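**Student:**
There are 2 protein chains.
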Amino acid sequence: MNDFMYYNPVRVHFGREAMAELPGELEKFGKNVLLLYGGGSIKRTGLYDRILADLRAAGKNVFELPGVMPNPRTEKVYEGIEICRREKIDLLLAVGGGSTIDCAKAVAVGACTDKDFWQAFFKDWETAEAAIPLGVVLTLPATGSELDKSSVITNMAAHEKNSYDSELTFPRFAILDPALTYTLPKAQMVNGIVDTISHLYELYISPPDEECLTDELAEAALRTEIRAARAAAVNPEDYDARADLMWTSSFALCGMLNNGKKTDWASHCIEHPISALYDVAHGAGLAVVHPAYLDYICLDALPRLRRLAIRVWDVDDAGMTEEETAREGIRRTRAFFRELGAPATLTELGVPAESIGRIADLTDLGCFSYRRLTREDVVSILKTAL
Amino acid sequence: MNDFMYYNPVRVHFGREAMAELPGELEKFGKNVLLLYGGGSIKRTGLYDRILADLRAAGKNVFELPGVMPNPRTEKVYEGIEICRREKIDLLLAVGGGSTIDCAKAVAVGACTDKDFWQAFFKDWETAEAAIPLGVVLTLPATGSELDKSSVITNMAAHEKNSYDSELTFPRFAILDPALTYTLPKAQMVNGIVDTISHLYELYISPPDEECLTDELAEAALRTEIRAARAAAVNPEDYDARADLMWTSSFALCGMLNNGKKTDWASHCIEHPISALYDVAHGAGLAVVHPAYLDYICLDALPRLRRLAIRVWDVDDAGMTEEETAREGIRRTRAFFRELGAPATLTELGVPAESIGRIADLTDLGCFSYRRLTREDVVSILKTAL
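Chains as they are written, first to last, in the numbering used here: chain A, 30 to 415; chain B, 30 to 415.
1) Which ranges would you report for the alpha helix (DSSP H) in the region 273-327 of chain B if only whole runs of at least 4 residues count?
2) Enumerate in chain order the residues of its own chain whose CB-to-CB distance from Ala382 (chain B) is below 6 Å, with the five nearest sequence positions on each side excluded.
3) Between Glu239 (chain A) and Glu155 (chain A), what straight-line distance do the alpha-carbon atoms span, to the nearest angstrom?
4) Name the chain A residues that come within less than 8 Å of Arg256 (chain B), Cβ to Cβ?
5) From which residue to which residue does the beta strand (DSSP E) around Thr183 (chain A) run?
6) Is the CB of Leu76 (chain B) under 7 Å away from at least one CB in chain A?
7) Interface residues of chain A around Ala382 (chain B) at Cβ under 9 Å?
8) Can you tell me which of B:Val165, B:Ala149, B:Val166 puts its alpha carbon nearest to the alpha carbon of Glu158 (chain B)?
9) Pull the bridge partners of Arg102 (chain B) from the DSSP assignment, please.
10) Relative to the C-alpha of Leu328 (chain A), which residue among A:Thr354, A:Leu94, A:Pro372 is closest?
11) Cα separation between Trp276 (chain A) and Leu394 (chain A)?
12) Report the three-state DSSP secondary structure of Val19 (chain B) (helix, strand or coil).
13) Does the CB of Met349 (chain A) have a neighbour CB from chain B at under 7 Å?
14) Measure the beta-carbon distance from Cys132 (chain A) to Val97 (chain A) and round it to whole angstroms, keeping in mind my assumption that it falls under 8 Å.
15) Closest Cβ-Cβ distance between Ala305 (chain B) and chain A: below 7 Å?
16) Cβ closer than 9 Å: which chain A residues qualify as neighbours of Asp83 (chain B)?
17) Could you run through the region 41-55 of chain B and flag, in chain order, every residue whose CB is less than 7 Å away from some CB of chain A?
18) If you reduce the DSSP assignment to three classes, tell me which class Phe365 (chain A) lands in.
19) Mark Thr129 (chain B) as exposed unless 16 or more other C-beta atoms lie within 10 angstroms of its C-beta, in which case mark it buried.
20) Using the beta-carbon count (16 or more within 10 Å), is Pro302 (chain A) buried or exposed?
21) Mind listing which residues of the region 159-183 of chain A have their C-beta closer than 8 Å to chain B's C-betas, in chain order?
22) Going by CA-CA distance only, name the one from B:Tyr77, B:Glu254, B:Glu248 that's closest to Thr168 (chain B).
23) Who are the neighbours of Arg201 (chain A) on chain B, taking C-beta pairs under 9 Å?
24) What are the residues of the region 276-288 of chain B that lie near chain A, defined by any Cβ-Cβ distance shorter than 8 Å?
25) Starting from the beta carbon of Tyr36 (chain A), find every residue of chain B whose beta carbon is closer than 8 Å, and list them in chain order.
26) Within 7 Å of any Cβ in chain B, is that where the Cβ of Met30 (chain A) sits?
27) In chain order, what residues of the same chain lie with their CB nearer than 8 Å to the CB of Tyr322 (chain B), ignoring the 5 residues before and after it?
28) With burial defined as no fewer than 16 other Cβ atoms inside 10 Å of the residue's Cβ, what is the status of Ala281 (chain B): buried or exposed?
29) According to DSSP, is Asn220 (chain A) part of a helix, a strand, or is it coil?
30) Taking 7 Å as the CB-CB limit, is Leu411 (chain A) close to chain B?
31) Measuring only between beta-carbons, confirm whether Phe365 (chain B) sits less than 7 Å from chain A.
32) DSSP beta-bridge partners for Ala133 (chain A)?
33) How long is the line joining the alpha carbons of Glu189 (chain B) and Arg73 (chain B), rounded to whole angstroms?
34) Could one say the Cβ of Thr253 (chain B) lies closer than 7 Å to chain A's Cβ atoms, at least one of them?
35) Examine the Cβ distances between the region 373-390 of chain A and the region 340-358 of chain A and report whether three or more of them are shorter than 8 Å.
36) So, Gly109 (chain A) versus Val136 (chain A), is the Cβ gap smaller than 7 Å?
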């Protein structure tokens with residue numbers, strides 16, 4: 030097992046009554062609250078009214094940053110930073126999924142420096158020295174951002190999608206009520222499931238290959254995600270299935286599954302320029318890229334992919350070669366994404382063949398694990414996904 | 030899935046180089062440090078010298094509380110509290126296993142109140158309002174105390190072994206170097222493994238019974254613990270096996286496996302008066318009590334014990350009834366403890382038949398789960414373990 034440091038101070042309130050914990054959390058922070066949210070679905074569901082009532086009952090001065098988009102952009106972060114400085118914001122309350130939370134994290138550190146947040150943190154990776162506290166009410170299980178310290182922001186002008194992390198941007202609290210996900214549009218739900226599986230793969234399909242607790246835990250999470258996704262597809266109001274989907278996506282990125290592992294974020298690195306260039310949903314992009322990537326590195330990662338096939342996808346490998354077993358696991362991954370209704374090709378995503386070179390140019394090649402990728406490897410992978 | 034709150038702010042440094050993180054941690058705290066340790070094995074191994082060198086290099090004033098015994102006692106806690114008050118201690122540094130850490134936690138809260146620590150916290154369960162910060166260097170994987178907020182202290186005069194927990198007693202940091210366990214006496218190692226399995230059982234063998242992530246994670250931890258215990262028995266210097274044993278025992282009690290579960294601490298509750306009355310090692314007591322308890326509640330917990338047998342002990346249930354499968358899992362648990370060299374009967378522990386009534390009188394009956402236990406149930410369970 031490789032050495033590791035593990036630290037995660039997020040306080041999680043999970044379940045049917047989790048929202049009842051919001052007033053107690055609000056008491057811990059100052060009076061000026063900036064509420065960040067997305068496209069307005071929280072107004073339709075009544076969640077906005079409920080949270081606003083809690084904020085008012087707690088005597089808060091409420092400011093708002095609505096309209097945080099998927100693949101949140103620098104412009105929105107600058108907007109939030111300006112409000113924070115002007116209104117002396119004491120708490121950021123992000124209500125939504127990973128995009129809203131990631132935007133709030135960037136605002137949290139950006140508002141506490143005189144420097145340009147993009148250049149200082151997302152380009153130069155300077156260490157943040159202060160951040161406005163952040164709380165989360167999660168409505169979309171997918172990115173795990175509610176339980177991690179990372180933020181991913183897109184700079185459309187530069188065609189860059191970069192990440193930053195700081196212990197100061199761990200949420201102080203995260204409220205997770207699975208019932209809030211009943212009304213999610215199917216495509217968002219599916220993208221969230223693909224994103225979660227992809228995170229679990231990036232952690233699990235990486236060295237070292239010997240037995241260890243972390244790998245057993247990752248397999249447990251993968252089996253749970255697959256089972257719950259199928260149950261929620263049959264009955265969208267299956268509470269236990271929704272609970273497992275929500276908690277598994279959070280657990281996936283809480284840090285436990287990094288412990289002792291090299292990890293391999295190649296699929297995410299290849300997908301990032303696709304969503305930066307074409308604004309496709311991150312999960313949809315991953316559904317196309319990840320299986321293509323695994324088929325490409327199959328021979329380099331043979332024992333691990335064989336183990337994935339057997340332990341996660343229940344492949345009976347009697348009479349099969351190691352490679353046949355490994356490929357069958359990848360085939361089942363692809364079939365599962367298709368079963369959910371996720372896109373399977375770049376063409377379905379609206380990404381033309383001519384753009385492959387450009388995507389490869391923009392791919393960060395530093396996140397590989399079993400095999401060092403070149404620009405040409407990325408081109409080859411994407412060609413198999415057309 | 031039941032609602033839950035999860036919070037665990039311990040910073041873990043794990044691995045071969047984990048000790049190198051101690052100086053950085055020491056910088057975060059004030060000058061006066063109380064070093065707590067047990068019977069002196071850390072002097073024989075050189076660990077004491079290394080830590081003292083780090084403390085001196087960091088410019089600390091070092092005070093010592095040596096001789097913390099297994100089943101740590103109130104007297105030792107009072108001794109520590111007195112030093113803390115007199116010397117204005119800024120940091121408690123516990124070097125050892127669960128006994129040393131538990132003693133340090135009691136000192137941490139006890140030194141910050143004018144009340145009697147035993148009465149206020151371990152009897153009246155008052156909420157602690159302050160605690161001296163605590164750091165840990167772990168030498169014995171077993172209790173998980175390095176990653177939780179609980180402390181168990183024995184009052185020999187009252188024949189009571191009580192527990193207390195407070196978020197203020199989470200260690201600020203925990204240094205876990207598996208190589209430090211190479212030199213552990215076999216009996217301590219075995220007791221630690223039994224304690225860990227028992228913790229995992231108390232969490233896993235409890236309602237609800239439907240599928241959920243937490244149960245999958247517990248099964249993963251159990252399989253890891255069993256595999257690693259066997260590997261370490263063959264080769265005590267198998268680093269990866271020692272690493273899995275250390276990390277699994279910590280993970281078991283970090284709180285992740287409580288999430289959504291009722292939990293069932295009946296075996297621990299029956300064992301506590303045994304160690305309070307006879308000062309037997311906690312793990313040794315559990316090796317006797319836990320299988321006896323499971324056989325007693327087998328019919329009440331049938332689906333769960335059947336699942337344990339199949340998923341953890343690889344029982345092939347073809348042609349077996351549900352009860353036969355469940356009992357086979359318990360039989361394999363008992364056989365595994367025996368294979369490790371743990372005691373199997375009260376007689377081996379030196380606990381006479383005449384004491385059974387007394388033990389039952391002192392057993393806390395509030396921690397059951399599948400079946401409400403009476404004093405007579407406890408007597409019956411212990412009789413089967415003679």
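Ideal Cβ placement from N, Cα and C applies to all residues, glycine included.
Fair warning: this is a prediction, and the values are worked out from it, not measured in the lab.
**Tutor:** To lay it out plainly:
1) Qualifying alpha helix (DSSP H) stretches, in chain order: 295-307, 311-326.
2) The answer, listed in chain order, is Leu415.
3) If you draw a straight line from the Cα of Glu239 (chain A) to the Cα of Glu155 (chain A), it is about 35 Å long.
4) Here the neighbours are Glu240.
5) For Thr183 (chain A), the enclosing beta strand (DSSP E) covers residues 179-184.
6) At a cut-off of 7 Å between beta-carbon atoms, Leu76 (chain B) makes no contact with chain A.
7) Neighbours of Ala382 (chain B) on chain A: none; closest Cβ ~40 Å, over 9 Å.
8) Out of B:Val165, B:Ala149, B:Val166, B:Ala149 has the C-alpha closest to the C-alpha of Glu158 (chain B).
9) Paired residue(s): B:Thr183.
10) Considering only alpha carbons, the answer is A:Thr354.
11) Roughly 31 Å between the two C-alpha positions.
12) The displayed coordinates of chain B run from 30 to 415. Any statement about residue 19 (chain B) would go beyond what the structure contains.
13) False, the Cβ-Cβ gap to chain B never drops below 7 Å.
14) With 8 Å as the limit, Cys132 (chain A) and Val97 (chain A) qualify as a contact, their Cβ atoms being about 5 Å apart.
15) False, the Cβ-Cβ gap to chain A never drops below 7 Å.
16) Here the premise fails: no neighbours, minimum Cβ distance about 18 Å.
17) Closer than 7 Å at the C-beta level to chain A, one finds these residues of the region 41-55 of chain B: Val41, His42, Phe43, Gly44, Arg45, Glu46, Ala47.
18) Here DSSP, grouped into helix, strand and coil, assigns Phe365 (chain A) to helix.
19) Burial is judged here by how many other beta carbons sit within 10 angstroms of a residue's own beta carbon; Thr129 (chain B) has at least 16 and is buried.
20) Classification of Pro302 (chain A): buried, given that the 10 Å Cβ count is 16 or more.
21) So nothing in the stretch comes that close.
22) Per the Cα distances, B:Tyr77.
23) In chain order: nothing, as chain B lies at least about 10 Å away.
24) Answer set for the region 276-288 of chain B: Trp276, Thr277, Phe280, Met285, Asn288.
25) The contacting residues are Pro38, Val39, Arg40, Val41.
26) Closer than 7 Å: yes.
27) Counting only Cβ-Cβ distances below 8 Å, and skipping sequence neighbours, we find Ala295, Ser296, Ile299, Ile410.
28) That one is buried.
29) Reduced to three states, the DSSP call for Asn220 (chain A) is helix.
30) Cβ-Cβ to chain B under 7 Å: no for Leu411 (chain A).
31) Not one chain A Cβ lies under 7 Å of Phe365 (chain B).
32) Beta-bridge pairing links Ala133 (chain A) to no other residue.
33) For Glu189 (chain B) and Arg73 (chain B), the distance between alpha carbons rounds to 33 Å.
34) True, the Cβ-Cβ gap to chain A drops below 7 Å.
35) Because the criterion of three Cβ pairs below 8 Å is not met, the region 373-390 of chain A and the region 340-358 of chain A do not touch.
36) Closer than 7 Å, so yes.
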